[in-house]
Amino acid sequence: MTTRTAFQPGSEHNPLLSAFPYLVIALAILTRFLPHSSNFTPVGAMLLLSGACLAARRFWVPLAAIMASDFILTRYVYHFPYGSEQYFVWLGWAAMLGLGWSLQGRERAWRIGLTTLAGSFSFFLISNFGVWAAGYYPRTWAGLETCYIAGLPFYRQAASADLIFAAVFFGAWAWLRHRLAQRQIVAV
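Just so we're aligned, residue 3 is where the sequence shown starts under the working numbering, counting upward by one.
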């Protein structure tokens, strides 16, 4: 029986390879503060990559970064009240991180694509359920249905961003790993 662990750079302990997921986390958080199309950010893809690359004991890093940026954006940029629906958003992001973890050691293009779609859909289901549960829609079956229908345009944007950014992030990760492996072979 094998144990899944985050990709470790092995004996070379390359600092760039170790820093890559953290650079992606910083980039994803930064883009939340820049002008962008509604729900078109690299946050979902960043969580998938973080789950695939980081050791589980480091999962607090992307989650803490998202929570801190949420607090700043909600309170000081958008001036919205902080509601209970936010906990569902965080739960949806934690689910994406967990789905990324399921990719560790199994990073194939088709698997990344399917996991990205599953992550986008799970985030949509969980976060919109939170909006409904917080009372933004009537707490009836029809209210829940209306909530999900109203969220579809946001879901399309988020799923598109997740797919595009996952391709970029995982592609860059694979390229970097390959490039560093080639350099190590030449050095030996």
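Glycine included, C-beta positions come from ideal geometry on N, C-alpha and C.
Residue i versus the options, residue with shortest Cα-Cα distance
{"i": "residue 86", "options": "20, 172, 135, 180", "result": "135"}
{"i": "residue 175", "options": "80, 152, 47", "result": "47"}
{"i": "residue 153", "options": "137, 133, 140", "result": "133"}
{"i": "residue 73", "options": "34, 60, 125, 59", "result": "34"}
{"i": "residue 62", "options": "32, 126, 170, 100", "result": "100"}
{"i": "residue 102", "options": "58, 159, 143, 77", "result": "58"}
{"i": "residue 160", "options": "27, 25, 44", "result": "44"}
{"i": "residue 1", "options": "38, 21, 81, 91", "result": "Residue numbering for the chain in the displayed model covers 3 to 190; residue 1 lies beyond these limits and cannot be assessed."}
CB contact flag (residue i, residue j, <8 Å)
{"i": "residue 156", "j": "residue 40", "result": "yes"}
{"i": "residue 52", "j": "residue 23", "result": "yes"}
{"i": "residue 42", "j": "residue 122", "result": "no"}
{"i": "residue 168", "j": "residue 128", "result": "no"}
{"i": "residue 146", "j": "residue 139", "result": "yes"}
{"i": "residue 19", "j": "residue 179", "result": "yes"}
{"i": "residue 165", "j": "residue 118", "result": "yes"}
{"i": "residue 27", "j": "residue 64", "result": "yes"}
Span of the alpha helix (DSSP H) around residue i
{"i": "residue 126", "result": "111-135"}
{"i": "residue 73", "result": "62-74"}
{"i": "residue 25", "result": "17-34"}
{"i": "residue 52", "result": "45-55"}
{"i": "residue 105", "result": "Neither: residue 105 is in no alpha helix (DSSP H) and is coded neither H nor E."}
Distance, residue j Cα to residue i Cα
{"i": "residue 1", "j": "residue 187", "result": "Outside the displayed span of the chain (3 to 190) sits residue 1, for which this structure offers no information."}
{"i": "residue 89", "j": "residue 50", "result": "19 Å"}
{"i": "residue 79", "j": "residue 70", "result": "13 Å"}
{"i": "residue 29", "j": "residue 98", "result": "18 Å"}
{"i": "residue 2", "j": "residue 149", "result": "This structure cannot settle anything about residue 2, because the visible part of the chain is limited to 3 through 190."}
{"i": "residue 172", "j": "residue 95", "result": "18 Å"}
{"i": "residue 36", "j": "residue 184", "result": "36 Å"}
{"i": "residue 124", "j": "residue 31", "result": "21 Å"}
{"i": "residue 76", "j": "residue 66", "result": "15 Å"}
{"i": "residue 25", "j": "residue 158", "result": "26 Å"}
{"i": "residue 177", "j": "residue 120", "result": "24 Å"}
{"i": "residue 13", "j": "residue 68", "result": "Confidence at residue 13 is low in this model, with a pLDDT of 34, below 50, so the placement of that residue is unreliable and no value is reported for it."}
{"i": "residue 111", "j": "residue 182", "result": "20 Å"}
{"i": "residue 170", "j": "residue 91", "result": "24 Å"}
Residue i: CB within 7 Å of a non-hydrogen atom of the ligand GTP
{"i": "residue 71", "result": "Ligands in the displayed structure: none, and consequently the ligand GTP is not present."}
Contact with chain C by residue i, beta-carbon distance below 8 Å
{"i": "residue 54", "result": "Given the protein chain composition of this structure (a single chain), no chain C is represented."}
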